[in-house]
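Colleague: Per the working numbering, residue 80 is the first one in the sequence shown, and the count goes up by one each step.
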Amino acid sequence: MAHAALTRRVGFVCHSCQLAQLSHRAAPTQQLTTSIITASLAQRPLSRRRLYKSEQRRAATVVARPKVIPPQAIRKPTESPSLQNGTISLPTEVGDPRAALASLRQDMSHIMASKTLPTNEQVYGLLDRTLQFANLVVFGQPEQPTLDQDSSDDKSTASSSVLDDLDECASGSAPRPKKYTVVSPASALPLSFRTKAADTLCEMAYQLVRDPKVIVHEEILDLYVRIQCLLGKPQYLPEIFHLYSHKPVPKQTGGGSIEYTSTQAWHPRYDIPRTLSDAALDAAIQVKDMPLAIAIIDTTVARPNHKLTRLFRKAVPPLLAVACTPVIAYAGASWISTVQNVWDEDMAKYTALAGSIAYIGTLGTIGFVAMTTWNDHMERVVWQPGTGLWDRWIREDERLYFDRIALAWGFQEKWRRGEEQGDEWEALRETCGLRSMVLDKTDLMEGMQ
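1. Between L322 and Y285, what straight-line distance do the alpha-carbon atoms span, to the nearest angstrom?
2. What separation, rounded to the nearest whole angstrom, lies between the Cα atoms of R495 and D519?
3. Compare the C-alpha of A485 against each of D368, T209 and W345 and name the closest.
4. Which two residues bound the contiguous alpha helix (DSSP H) that contains Y323?
5. Quick check: the Cα distance between E475 and E282, rounded to an integer number of angstroms?
6. Between L210 and the rest of its own chain, which residues show a CB-CB distance below 8 angstroms, the 5 nearest in sequence each way excluded?
7. Quick one: is H385 buried, meaning 16 or more other Cβ sit within 10 Å of its Cβ, or exposed?
8. How would you call T452, buried or exposed, if buried means at least 16 neighbouring beta carbons within 10 angstroms?
9. Return helix, strand or coil for L518, following the three-state DSSP convention.
10. DSSP on K493, reduced to helix/strand/coil?
11. Can you have a look at W462 and say buried or exposed, based on whether 16 or more other CB atoms are within 10 angstroms of its CB?
12. Around the Cβ of Y339, are there at least 16 other Cβ atoms within 10 angstroms (buried) or fewer (exposed)?
13. So what's V401 in DSSP terms, helix, strand or just coil?
14. Rank V295, E492 and G311 by C-alpha distance to the C-alpha of T274 and give the top, closest one.
15. P347 and R387 - do their beta-carbons sit closer together than 8 angstroms?
16. With a Cβ-Cβ cutoff of 8 angstroms, do S435 and G411 count as a contact?
17. With 16 other CB atoms within 10 Å as the buried threshold, where does E477 fall?
18. In its own chain, which residues sit with a C-beta less than 7 angstroms from the C-beta of M524, not counting the 5 before and 5 after it?
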């Protein structure tokens, strides 16, 4: 019986090592709490040899407290500097939240009241501080647990030793810190303060980005969207999306004044990135605000610059291939005419050229029609009959967003689709009709094929 119990306990430590390695490779910023391990191993006495090695490692290893890295909710994950140094990124402590909020408000007011242009680093730094404070409001205050080294409690000793054992099993290229940060629940802050702080942060970020002296770059827009979506305030997004392409560009003159020049709103460089528009639409659907969701569509995927971006990214390579087709066909026809002796060389060359162009052109046309008329991916919003093939393809993202709105507001059961009623649903149906779309086309509904 003792041997079986010891086997189970050793197996637990081995499985814990495997889980620690998997969690280290999958999510380097994932935090490990000590309470679960303490509760599971409180009954097991550890060997003196293991405790002695643990004490040696704790005495010889000194790990600095890493810096905070905001969660990458929207932006694509990149390798952080802390991971390159071989440490784990954990949240840092924030002192008095009220004092930090007042300091942030004062810094933003100084930027907006100044007569000089702020640098991109200053604006980015303020928005980054706002994002960190938003994480504090939503997720809670990070705090550092302390273990009583002089206590004779077996639970504390067992917990510390097991953490060191897990550290020994982890990869040597990325050592773990000696102590693990535990984030307290957001309820530790008063609810009234959290609500007021969220409203204040959203308003401050909105006023900062809206300031005429601030140039809205893609990095700044990314931080701004993350802040508003994290705090659940997507109402501040459509206007900033509009300003991203229409806001005049400020320029500091030698006399100290600021001149503003208009932008080319249709240019593809002012297109809202797809990841940001997806996050904004998800936030609008989360708060159940249909006019806001439609406004986000109008300021993102329905803009002319988005259509140009889609054209350059997805249509230019096939068009270049089509443009090169006659040259390639002519070269192939010329070679074929030299290896045959049935026809005249010129006649064979032009016959092969005409045949190859006709073959490639026919297949390309059939492929384009099949691609633009394919509707298996459409759920509730489809194109009206008679809509041009070019419009179907270039406006596919717009139709997809309306489809997502219909799926979010309508019944989830497929057999109940078409029974929705209400002013919002009728407004959505009318809006789709004005954009050459059909909501719940009868021929495509379940049981009506």
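By construction, the Cβ of each residue, glycine as well, lies at the ideal position given by its N, Cα and C atoms.
Modeller: Here's the rundown:
1. 12 angstroms
2. Whole-angstrom Cα-Cα distance: 11 angstroms.
3. Relative to the Cα of A485, the nearest Cα in the group D368, T209 and W345 belongs to D368.
4. It spans L316 to H325 - the alpha helix (DSSP H) in which Y323 sits, taken as one unbroken run.
5. If I take the Cα positions, the gap works out to 34 angstroms.
6. P149, L302, R305, I306 and L309
7. buried
8. exposed
9. strand
10. Three-state result, K493: helix.
11. Looking at its Cβ environment, which holds 16 or more other Cβ atoms inside 10 Å, W462 is buried.
12. exposed
13. helix
14. G311
15. The displayed chain sequence assigns Leu, not Arg, to residue 387. Yes, the pair counts as a contact, with Cβ atoms nearer than the cut-off.
16. yes
17. E477 is buried by the Cβ-count criterion.
18. R496 and G497
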